[in-house]
Amino acid sequence: MGERRGQQAYQNQVEEAAHTHPRGSHPRPILDRPDSRACDLDQRKNRAASCRYNLDSLVRSIPTVPKLPSPVWLFDLDNTLHDASHAIFPAISANMNTYIARVLGDGVTPASQEAVDAARIGYWKRYGATLLGMIRHHRVDAADFLRQTHDIGALHELVRYERGLERLLRRLPGRKILLTNAPTAYSTGVVRHIGLQRQFAHHVSIEDMRVHGQLHPKPSKLMLRRLLRRHGVSARRCILVEDTLINLKRAKQLGLRTAWVTQYLRYSDPIGKAPLPKMVKRPGYVDVKVKSVLRLPAHLRRLAPRHITENL
Numbered sequence: 001m002g003e004r005r006g007q008q009a010y011q012n013q014v015e016e017a018a019h020t021h022p023r024g025s026h027p028r029p030i031l032d033r034p035d036s037r038a039c040d041l042d043q044r045k046n047r048a049a050s051c052r053y054n055l056d057s058l059v060r061s062i063p064t065v066p067k068l069p070s071p072v073w074l075f076d077l078d079n080t081l082h083d084a085s086h087a088i089f090p091a092i093s094a095n096m097n098t099y100i101a102r103v104l105g106d107g108v109t110p111a112s113q114e115a116v117d118a119a120r121i122g123y124w125k126r127y128g129a130t131l132l133g134m135i136r137h138h139r140v141d142a143a144d145f146l147r148q149t150h151d152i153g154a155l156h157e158l159v160r161y162e163r164g165l166e167r168l169l170r171r172l173p174g175r176k177i178l179l180t181n182a183p184t185a186y187s188t189g190v191v192r193h194i195g196l197q198r199q200f201a202h203h204v205s206i207e208d209m210r211v212h213g214q215l216h217p218k219p220s221k222l223m224l225r226r227l228l229r230r231h232g233v234s235a236r237r238c239i240l241v242e243d244t245l246i247n248l249k250r251a252k253q254l255g256l257r258t259a260w261v262t263q264y265l266r267y268s269d270p271i272g273k274a275p276l277p278k279m280v281k282r283p284g285y286v287d288v289k290v291k292s293v294l295r296l297p298a299h300l301r302r303l304a305p306r307h308i309t310e311n312l
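When we follow the UniProt record's numbering, the leftmost residue of the sequence shown carries the number 1, and every step to the right adds one.
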């Protein structure tokens with residue numbers, strides 16, 4: 001019964017269509033098909049999406065290459081970047097003698113030069129710096145000591161340095177930090193006079209070398225460890241450029257690379273009375289011995305990490 005009803009309904013629809021559009025009078029049926037241009041556009045979009053997916057999958061499959069770290073240079077100032085032995089050290093030494101003689105004296109008569117020399121050499125050998133001995137044994141105020149001993153007049157009349165230092169620092173790969181046992185006011189003045197103030201990412205002077213409230217200037221390994229942690233660098237990435245061997249030795253013990261600068265060295269003691277031997281061999285804890293810091297680029301392969309120099 002249901003099948004006959006379906007056939008009858010279909011026959012009725014056919015007859016109605018024939019009556020409405022007699023043969024030869026009704027238009028040709030229009031097929032409901034998509035526009036060919038729209039179809040092509042959709043196909044191109046699908047192919048592009050597929051390509052992007054495949055490319056993204058390929059990129060994700062490539063192992064990530066870690067960013068290679070650059071070296072960090074720690075530059076000393078006096079007798080490394082300029083000739084302090086020429087005029088500056090003699091002026092500071094004279095002020096230091098006067099200051100220590102007054103402290104060691106009886107309040108009326110200053111101490112003898114022999115007593116002053118003995119104190120300076122003794123404290124230097126024991127603590128690495130005369131100032132530390134004066135603080136520990138004579139309760140000297142560090143700021144007062146540094147201010148008076150470094151009051152040497154117009155720096156521009158005393159500073160001697162090589163041309164090309166600014167260009168050298170720009171050429172060296174990596175970050176540069178000034179690390180000096182000199183006070184801030186003095187070291188800032190010298191750096192500005194030489195024209196290097198824009199080449200250092202950080203300026204670390206003796207006032208900044210406090211650990212647990214106590215001064216720890218070079219060659220303190222405790223200070224160096226704190227410095228490396230503060231700047232987030234490992235010892236093997238750092239290169240210490242210095243004129244003082246004990247500072248280089250302590251740095252090497254921590255794993256730093258070391259460069260010894262020798263051209264301005266004249267004496268082997270802090271009071272300027274023991275001449276330095278003309279020929280001093282490179283100690284084992286020194287990676288590179290150079291006469292001038294301008295020679296550092298020639299030794300990059302020995303100082304810097306391998307990936308920095310492999311294309312030089």
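We put the CB at the ideal spot given by N, CA and C, even for glycine.
The structure displayed is predicted, hence computed values, not measured ones.
Just the C-alpha distance for valine 140 and serine 187, rounded to the nearest angstrom, thanks.
-> 21 Å
Beta-bridge pairing of residue 379 - partner residues as DSSP gives them | Residue 379 cannot be examined here, being either before or after the span of the chain that is shown, 1 to 312.
Identify, in the order they occur along the chain, each residue of the same chain with its Cβ nearer than 7 Å to the Cβ of leucine 155, setting aside the five sequence neighbours on each side.
-> Gly189, Val190, His193
Identify whether valine 140 lies in helix, strand or coil by the three-state DSSP scheme.
-> Coil at valine 140, not helix or strand.
Is residue 367 buried or exposed, if buried means 16 or more other CB atoms sit within 10 Å of its CB?
-> Past the boundaries of the shown model lies residue 367; the chain is included only from 1 to 312, so the question cannot be answered.
Residues bridged to histidine 82 (per DSSP) | Asp78
Beta-carbon proximity check, arginine 230 vs valine 211, cutoff 8 Å | no
With respect to the alpha helix (DSSP H) encompassing histidine 193, which residues constitute its N-terminal and C-terminal limits?
-> Note, histidine 193: alpha helix (DSSP H), 184-194.
Which class does tyrosine 99 belong to by DSSP, given the choice of helix, strand or coil?
-> Shown here, tyrosine 99 sits in a helix according to DSSP, grouped into three states.
Count the other C-beta atoms from every protein chain shown that fall within 10 angstroms of the C-beta of isoleucine 246, then say buried if there are 16 or more, exposed otherwise.
-> exposed
Unbroken alpha helix (DSSP H) run spanning valine 116, endpoints | 113-127
If you run the structure through DSSP and keep just helix, strand and coil, what is proline 297?
-> helix
Go through its chain and collect everything with a Cβ distance to arginine 302's Cβ below 7 Å, but skip five positions before and after it.
-> Asp287, Val288
Over the uninterrupted beta strand (DSSP E) stretch that includes lysine 221, give me the two end residues.
-> If you look at lysine 221, you'll find it isn't in any beta strand (DSSP E); it sits in the alpha helix (DSSP H) that goes 221-231.
Measure the Cβ-Cβ separation of leucine 172 and tryptophan 73 and say whether it is below 8 Å.
-> yes
Within its chain, find whatever has a CB closer than 6 Å to the CB of aspartate 117; leave out the 5 residues flanking it on each side and keep chain order.
-> Result list for aspartate 117: Ile271, in chain order.
Taking the continuous alpha helix (DSSP H) assigned at lysine 252, which residues delimit it?
-> 245-253
Whether arginine 257 touches isoleucine 239 by CB criterion (8 Å) = yes
Three-state secondary structure (DSSP) of arginine 257 = strand
Neighbourhood of aspartate 83 by C-beta distance below 7 Å, restricted to the same chain and skipping five residues each side = Arg160, Tyr161, Tyr264
Assign histidine 156 to one of three DSSP states: helix, strand, or coil.
-> Looking at histidine 156 - three-state DSSP - the assignment turns out to be helix.
How would you call aspartate 76, buried or exposed, if buried means at least 16 neighbouring beta carbons within 10 angstroms?
-> buried
So is aspartate 144 buried or exposed if we call it buried at 16+ other beta carbons inside 10 Å?
-> exposed
Whose C-alpha, out of Met223, Lys252, Thr109, Ala91, is nearest the C-alpha of arginine 236?
-> Lys252
Assigned exposure category for threonine 149 - 16 Cβ within 10 Å defines buried | Here threonine 149 is buried, its C-beta having at least 16 other C-beta atoms within 10 Å.
Quick one: what does DSSP say isoleucine 88 is sitting in, helix, strand or coil?
-> helix
Report yes if the CB atom of leucine 196 is closer than 8 Å to the CB atom of leucine 169, and no otherwise.
-> yes
In this structure, what does DSSP give as the bridge partners for tyrosine 267?
-> Pro275
Could you check the C-alpha separation between alanine 115 and leucine 178 for me, to the nearest Å?
-> The C-alpha of alanine 115 lies about 34 Å from the C-alpha of leucine 178.
How would you call glycine 133, buried or exposed, if buried means at least 16 neighbouring beta carbons within 10 angstroms?
-> buried
Taking the continuous alpha helix (DSSP H) assigned at arginine 167, which residues delimit it?
-> 165-171
Sort out for me which residues DSSP pairs histidine 202 with in a bridge.
-> Ile177
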